[in-house]
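Undergrad: Dumping the structure here so I can ask a few things about it.
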Amino acid sequence: MEQLRFAVLGPVRAWRGAVEVDLGPPQQRAVLAALLLAEGTQVSMGELIDAVWGTRAPVSAAGTLRTYVHRLRKVLGPVGESVSSVLQSLGRGYRLHIGQDDVDFGVFHRLLARAEYAHDAGHLKEAADHWRDALGLWQGSALSGVRGEFADAQRHRLGEQRLSAEAMLMRAEIELGSHVQAAGALVGLVRDHPLDERFRELLMLALYRSGRQAAALATYREAQALLADELGVDPGPGLQAMYQRVLRADGDLLAPAGPARVQPADTPAQDHLAATPAQLPADLAAFVGREVELEAASGLVTGDGAAVSVVTGMAGVGKTAFAVHWARQIADAFPDGQIYLNLRGFDHGGPPVASEQALCTALEALGANAGKLPQEVDALAALLRTWLAGRRVLLLLDNARDAAQVRPLLPGEPGCLVIVTSRNQMAGLVAVDGARPVHLDVLSEPEARRFLTRRLGHARTATEPEAVADIVAMCGQLPLALAITAARAATRPAMPLSTIATELHDSAGCLDAFRSGDSAADVRVAFSCSYHALGPDAARLFRLLSLHPGPDTALAATASLGGFSVSHTRHLLDELIQAHLVEERTPGRFALHDLLGAYASELLQATDPQNERDAAHLRLLNHYLHSADNARQFFKSGRDDIDLPAVLAGVCVEKAGSEGGAEAAKRWFNVEHAALISCIGMASRDPQHDAYTWQLAWVIKQYLDRRGRWGDIVTTHRAALDAALRLADPLGEAFIRRGLARATATLGRAEEARAHMARSVELFVETKDPALSGEAHRQAGWLAERLGDIQSALGHAERALELSRAGGDAATTARCLNAVGWYHALLGHHERTLHYCLQALPLHQAASDVCGSADTHDSIGYAHHQMGQYEEAVAAYREAVARYRGIDVLFGSADTLSRLGDTYMSMGRPWDAHTAWNEALDVFDALGHRQADDIRGKIKELGVDG
């Protein structure tokens with residue numbers, strides 16, 4: 009087996025021999041990174057969930073994690089093998105069975121240890137070689153491309169080790185006499201890490217030994233100015249001592265010496281101004297949550313360093329409340345005053361405050377004579393910078409319109425903090441002026457519950473926890489909506505919270521429940537200020553997005569909805585994102601908050617005529633039908649195409665299948681299946697879209713079947729069957745009934761499955777198409793097997809084989825050959841099984857039918873097992889598992905792994921059986937399949953640990 013190698017000192021990567029392994033999406037790489045960094049020890053499920061999601065783990069985290077582990081096992085296991093000996097189950101967790109030299113950071117640590125040993129022994133050149141080799145392993149930032157708190161912490165930890173190694177190497181190079189070369193390298197290190205005094209100190213030493221005393225002194229003065237500007241501190245004792253020694257041309261510097269290290273001193277205090285503005289609004293007594301955002305924001309208040317923070321988020325998310333609460337917490341750090349300005353950038357009551365007016369207000373608050381102020385913006389801005397110079401003042405600029413309104417108000421020197429709140433993302437202020445963004449999302453569910461409790465009292469909320477949960481959900485966890493609802497409840501203390509929750513349910517889809525007598529506390533008014541700032545096309549797209557039924561949407565679907573080009577849609581989405589009317593929750597996926605969706609829907613009904621709304625609906629359905637059919641080409645088998653409507657004008661079809669192959673098609677379905685199911689529900693509510701209803705259900709059926717989502721098949725196909733019956737479309741009815749038969753049979757509903765399959769076969773036979781009729785009989789045989797009638801199943805399969813051969817369809821013929829062979833195996837005719845199944849394999853290959861080939865290898869493995877030919881059985885089963893995994897057929901791989909474990913037990917190999925069953929269990933658990941309990945029973949009976 010070719011050796012596996014891993015890397016975390018850069019992007020998370022893996023190689024089998026010289027070939028790089030595809031490790032999947034970032035979260036899957038995060039799982040691998042956590043296992044690699046555990047260095048062969050067990051990592052529990054909880055620890056892995058924390059590593060991937062941190063404190064924001066979804067309810068489905070455990071199941072998703074098992075899926076990631078299953079996929080990693082597939083790619084890390086030996087080529088063609090079904091069982092991975094690398095990623096092992098261990099108790100309630102997992103571990104990677106690898107050596108120290110199999111991962112780059114293990115080699116890194118080994119080389120560091122050798123370098124330290126050589127250095128202590130006085131072998132400087134050997135030590136330098138080891139440090140150089142260790143640093144050569146780095147390919148960028150550690151764990152680059154992996155997001156989250158765990159990755160950030162590990163990146164920092166490993167990065168500090170890297171910097172320490174850089175410093176040790178530079179010192180060794182200088183001690184070895186390579187001070188000229190070291191000086192060149194240290195210039196780069198100082199540039200990249202300007203506040204790290206170790207590199208400044210070493211650079212001064214290298215320059216001095218190179219005969220460049222003046223340059224060494226200039227390096228110190230540069231560090232002194234930078235530390236004062238950035239941190240408000242002087243250089244540490246080590247750097248100061250080096251400066252003094254260089255200044256007096258200390259001859260001892262020509263011999264090696266190691267400088268002492270201390271932490272930077274604290275910021276010195278400054279004098280207070282005589283007149284101190286204290287304009288911050290009162291803090292909310294009921295402020296809750298935002299601990300993470302407050303902690304991130306607190307990092308801006310460090311010594312005399314000037315800072316600008318932009319607090320952004322959608323309307324009603326609590327930006328002002330957060331900014332005031334934060335400003336109140338840190339006000340003491342700004343003894344020269346706190347100024348509050350409402351810039352009215354998004355105010356229904358009037359235009360934004362002009363920059364001139366805001367500048368005059370700020371200057372007057374600082375004590376400037378209003379009668380002597382200049383009139384021009386530039387002069388006012390310069391005067392404000394003069395007044396703020398050398399002082400520590402906090403400016404809270406609330407409700408800013410854009411960067412141009414804010415920029416004249418920014419200080420010119422260190423010492424002040426500016427907090428800006430805006431519905432605009434203020435990308436210009438971040439990019440040009442170095443502002444630090446603090447994004448506020450809606451409250452978490454626990455925070456929203458605490459919000460209501462603080463407003464209404466513990467006694468009232470504790471007695472009706474279900475009503476509180478309903479109110480939180482209906483308010484979308486938006487602070488403004490929660491505040492309005494809480495105010496209504498507080499003014500009606502005798503009314504049960506359940507009644508208020510019912511009122512919210514009754515008004516779902518509209519914003520009437522979130523009105524108040526005060527326009528400043530009205531959700532609709534808050535949203536309207538953002539909406540009316542949009543351009544015409546962006547406003548239209550915002551309204552149309554309310555038609556999308558899924559949890560989120562992609563760029564192509566959004567373009568189709570609006571009938572715009574993809575490039576223009578990208579620009580419009582950028583405008584909506586800047587206004588915080590649309591969220592890009594993950595790269596390329598766009599969504600509206602529930603209440604914004606209700607607002608957009610109200611606007612759509614009031615603004616856009618019915619025919620335009622209908623056209624947008626139709627474009628969306630047309631987009632998903634053709635995009636799904638494109639991706640489906642990599643899941644289909646045999647002749648099962650149907651006639652679809654033409655692609656409509658303005659529709660952008662995703663080319664995941666034709667342009668990216670099977671993997672791209674699979675990824676597309678993984679991301680879009682929720683939207684597809686929602687579109688079927690949407691289409692089923694309008695008889696005009698009956699054809700789209702059944703055809704959409706049909707194009708996603710094979711994907712859902714392979715993913716084990718049989719409940720989704722039943723739901724979508726029942727709606728599809730109603731649509732096909734209304735259309736009187738016998739072919740549509742036949743396809744849909746067959747899908748229902750398979751799904752209901754898998755879910756244990758035998759009678760329902762039998763009725764649907766019988767009618768489906770009748771309809772397919774009536775088409776007189778041999779291939780369709782043959783496939784119908786093959787599917788009927790599958791059901792007969794599920795119901796225990798193997799002889800009947802064999803009869804259907806033999807009839808299917810006869811018809812498919814007559815129709816000349818190779819793929820269907822191959823599947824029918826496997827079916828006949830499989831039923832012979834179940835009847836004990838194992839030689840006949842091999843006779844038929846071996847005929848099927850070349851036909852599968854010719855038709856590129858990977859799933860059919862996997863099924864046939866599984867049948868061959870079963871026959872060999874029953875004949876006592878266990879080695880042949882293992883080979884066939886492994887081939888089947890490898891093929892199932894190659895196309896992500898989860899249930900098929902788990903089912904075969906279960907039988908592979910049985911074969912291992914028959915061979916007297918319990919450890920291998922245990923491994924195969926554990927891998928099967930991971931999949932069955934992820935699918936929620938009842939076979940998981942059977943596998944657990946086998947493992948328990950085996951009595952083998954990890």
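So for the sequence shown, this note's numbering puts the first residue at 9; every next one is plus one. Each residue gets a CB set at the ideal place from its N, CA and C atoms; glycine is no exception.
In chain order, what residues of the same chain lie with their CB nearer than 6 Å to the CB of aspartate 698, ignoring the 5 residues before and after it?
TA: Ala731, Arg734 and Leu735
Undergrad: If you pair each beta-carbon of the segment 12-27 with each one of the segment 107-122, do three or more pairs fall below 8 Å?
TA: yes
Undergrad: Consult DSSP for isoleucine 427 and reduce its assignment to one of helix, strand or coil.
TA: strand
Undergrad: Helix or strand or just coil, what does DSSP make of threonine 957?
TA: As displayed, the chain neither begins before 9 nor continues past 954, which places residue 957 out of reach and without an answer.
Undergrad: Where do the N-terminal and C-terminal ends of the alpha helix (DSSP H) with tryptophan 790 fall, by residue?
TA: Taken as a continuous stretch (DSSP letters only), the alpha helix (DSSP H) holding tryptophan 790 covers 778-794.
Undergrad: Does the segment 464-471 touch the segment 343-351, meaning 3 or more C-beta pairs lie closer than 8 Å?
TA: no
Undergrad: If you compare alpha carbons, which of Ala408, Thr775, Ala749 and Gly423 is closest to histidine 764?
TA: Ranked by Cα distance from histidine 764, the first of Ala408, Thr775, Ala749 and Gly423 is Ala749.
Undergrad: Out of Met875, Ala862, Gly936 and Gly916, which one is the CA nearest neighbour of leucine 905?
TA: Nearest of Met875, Ala862, Gly936 and Gly916 to leucine 905, Cα basis: Ala862.
Undergrad: Using DSSP bridges, identify the partner residues of glutamine 346.
TA: Ala286 and Leu402
Undergrad: Of all the options Asp137, His131 and Glu47, which has the alpha carbon lying nearest to the alpha carbon of valine 94?
TA: Glu47
Undergrad: Is leucine 119 close to chain B, meaning its C-beta is less than 8 Å from at least one C-beta of that chain?
TA: The displayed structure is made up of one protein chain only, and chain B is not part of it.
Undergrad: Determine the DSSP secondary structure at glutamine 98, reduced to helix, strand or coil.
TA: Looking at the sequence itself, residue 98 is leucine, so the reference to glutamine does not match. Leucine 98: strand per DSSP, three-state reduction.
Undergrad: Taking its Cβ as the centre, do 16 or more other Cβ atoms sit within 10 Å of tyrosine 885, making it buried, or is it exposed?
TA: buried
Undergrad: Please classify isoleucine 650 as buried or exposed, where buried requires at least 16 other C-beta atoms within 10 Å of its C-beta.
TA: exposed
Undergrad: Suppose the cutoff is 6 Å on Cβ atoms and the five residues either side in sequence are ignored; what does the same chain contact list for arginine 714 look like?
TA: Val897
Undergrad: Should leucine 120 go down as buried or exposed, given a rule of 16 or more other Cβ atoms within 10 Å for buried?
TA: buried
Undergrad: Output yes or no for whether 8 Å exceeds the beta carbon distance between proline 557 and cysteine 687.
TA: yes
Undergrad: Considering only DSSP beta bridges, list what methionine 768 is partnered with.
TA: For clarity, residue 768 is serine in the given sequence; the question names methionine instead. Answer by DSSP bridge pairing: none, since serine 768 is not bridged.
Undergrad: Along the chain, which unbroken stretches of the beta strand (DSSP E) at least 3 residues long are found entirely within the segment 404-470?
TA: 425-430 and 444-447
Undergrad: Given leucine 935, which residues of its chain have a CB within under 7 Å of its CB, disregarding the five upstream and five downstream residues?
TA: Gly716, Leu898 and Phe899
Undergrad: Which runs of the alpha helix (DSSP H) at least 4 residues long sit entirely within the segment 884-940? Give them in chain order.
TA: The DSSP assignment places 898-914 and 918-935 as complete runs of the alpha helix (DSSP H) inside the segment 884-940, in order along the chain (cut-off: 4 residues).
Undergrad: Throw me the rounded Cβ distance for the alanine 226 and proline 243 pair, which I believe falls under 8 Å.
TA: Your pair alanine 226 and proline 243 does not check out as a contact, with CB atoms roughly 14 Å apart and the cut at 8 Å.
Undergrad: Roughly how many angstroms lie between the CA atoms of glutamate 421 and methionine 178, to the nearest whole one?
TA: Cα to Cα, the separation comes out at about 35 Å.
Undergrad: Within 10 angstroms of its Cβ, does glutamine 485 collect 16 or more other Cβ (buried), or is it exposed?
TA: buried
Undergrad: Considering only the beta carbon of each residue, do isoleucine 427 and alanine 341 sit closer than 8 Å?
TA: no
Undergrad: Does the distance from the C-beta atom of alanine 818 to that of leucine 851 stay below 8 Å?
TA: yes
Undergrad: What are the start and end residues of the alpha helix (DSSP H) that includes arginine 206?
TA: 205-217 is the extent of the alpha helix (DSSP H) around arginine 206.
Undergrad: Please state whether the Cβ-Cβ distance between alanine 38 and valine 29 is less than 8 Å.
TA: no
Undergrad: Which stretch, first to last residue, makes up the alpha helix (DSSP H) that contains tryptophan 395?
TA: 385-396
Undergrad: Sorted by chain position, which residues of the same chain lie with C-beta nearer than 6 Å to alanine 528's C-beta, five sequence neighbours on each side aside?
TA: For alanine 528, the predicted structure reports a pLDDT of 49, less than 50, and the residue's modelled location is therefore unreliable. A value from the coordinates is still provided. Within the same chain, alanine 528 has no close Cβ partners at all.
Undergrad: Taking DSSP's pairing of strands, which residues face glutamate 592 in a bridge?
TA: DSSP lists Phe598 as partners of glutamate 592.
Undergrad: Answer yes if the segment 147-166 comes into contact with the segment 51-66, meaning at least three C-beta pairs across the two stretches below 8 Å, and no otherwise.
TA: yes
Undergrad: Note down, in chain order, each residue of its chain lying with its Cβ closer than 7 Å to the Cβ of arginine 298, except the 5 sequence neighbours on either side.
TA: Only Phe330 meet the Cβ criterion.
Undergrad: Please say whether arginine 745 and serine 768 have beta carbons closer to each other than 8 Å?
TA: yes
Undergrad: Of the residues Gly815, Ala142 and Glu583, which one's Cα is nearest the Cα of valine 111?
TA: Ala142
Undergrad: Rounded to a whole number of angstroms, what is the C-alpha to C-alpha distance between arginine 726 and valine 828?
TA: Cα to Cα, the separation comes out at about 31 Å.
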